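*Asks:* Before I ask anything, let me first share the structure, which is written out below as structure tokens.
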Amino acid sequence: MTTVNNVSDAGSTLNQEAVSRTVKNVLGKDDFLKLLLTQLKYQDPLEPTDNKDFIAQMAQFSALEQMTNMSDGFAKLAQFQETLFRESTISQAIGLIGKQVEATLPDQNEPLTGFVTAMKIVDGEPKVVVNGKEIGLGYISMVLGS
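Per numbering that gives the first Met the number 0, residue 0 is the first one in the sequence shown, and the count goes up by one each step.
Structure representation (structure tokens):
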């Protein structure tokens, strides 16, 4: 008697391979260098690539690297500006403690006047406490003094 072992479905194996592979749509500087080295390795020795082409490719590589560095620099600058803005608004809120302010709140007809007694950070935004109410700095219309 002959026995037959389990045979896996060929389609499922292909699907697993397709899922495990990821497609990379962006070429980086490492990819560029690999292409350049491959081109040098397999060029025809009787008809080598023109020097102008190599200079153009190196200029493209240099431009790509500079753009990548600039992009990284801009990302760091944006993060620094965000941190600086957050710290600046916190400093402003702390500076209002003990001062009399007037705030125009959207849910009230008359402005709220009182002394700032505390500063809180609510959902990442600094708020001052006036007459027991938490008020965002954007609602303060006037600082009357201490």
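Beta carbons are placed, not taken as given, at the ideal position from N, Cα and C, and that holds for glycine. No experiment lies behind these values; they were computed from the predicted model shown.
Using DSSP bridges, identify the partner residues of isoleucine 93.
*Replies:* Per DSSP, none; premise fails for isoleucine 93.
*Asks:* Determine the direct distance from the alpha carbon of tyrosine 41 to that of threonine 48, and round the result to whole angstroms.
*Replies:* Each residue's alpha carbon lies about 11 Å from the other.
*Asks:* Would you list the one or two residues that DSSP bridges to glutamate 101?
*Replies:* Answer is Thr112, Met141.
*Asks:* Could you name the residues of the same chain whose beta carbon sits closer than 7 Å to that of alanine 74, not counting the 5 residues immediately before and after it, in chain order?
*Replies:* Answer for alanine 74: no residue qualifies.
*Asks:* Could you tell me the alpha carbon to alpha carbon distance between isoleucine 89 and alanine 77, rounded to whole angstroms?
*Replies:* Approximately 18 Å between the Cα atoms of the pair.
*Asks:* Closer than 7 Å by C-beta to alanine 102: which residues in its own chain qualify, once you throw out the five before and the five after it? Chain order, please.
*Replies:* Pro110, Leu111, Val129, Ile134, Tyr138, Ile139, Ser140.
*Asks:* Assuming lysine 33 and leucine 63 form a contact by the criterion Cβ under 8 Å, report the distance between their Cβ atoms to the nearest whole angstrom.
*Replies:* With 8 Å as the limit, lysine 33 and leucine 63 do not qualify as a contact, their Cβ atoms being about 13 Å apart.
*Asks:* Check the DSSP bridge columns for alanine 117 and list the partner residues they point to.
*Replies:* Paired residues: Val128.
*Asks:* Exposed or buried, which one is methionine 118 when buried takes at least 16 other CB atoms within 10 Å?
*Replies:* When all chains shown are included, methionine 118 counts as buried.
*Asks:* Roughly how many angstroms lie between the CA atoms of phenylalanine 31 and leucine 83, to the nearest whole one?
*Replies:* If you take the alpha carbons of phenylalanine 31 and leucine 83, they lie about 37 Å apart.
*Asks:* Does DSSP put glutamate 46 in a helix, a strand or coil?
*Replies:* Three-state result, glutamate 46: coil.
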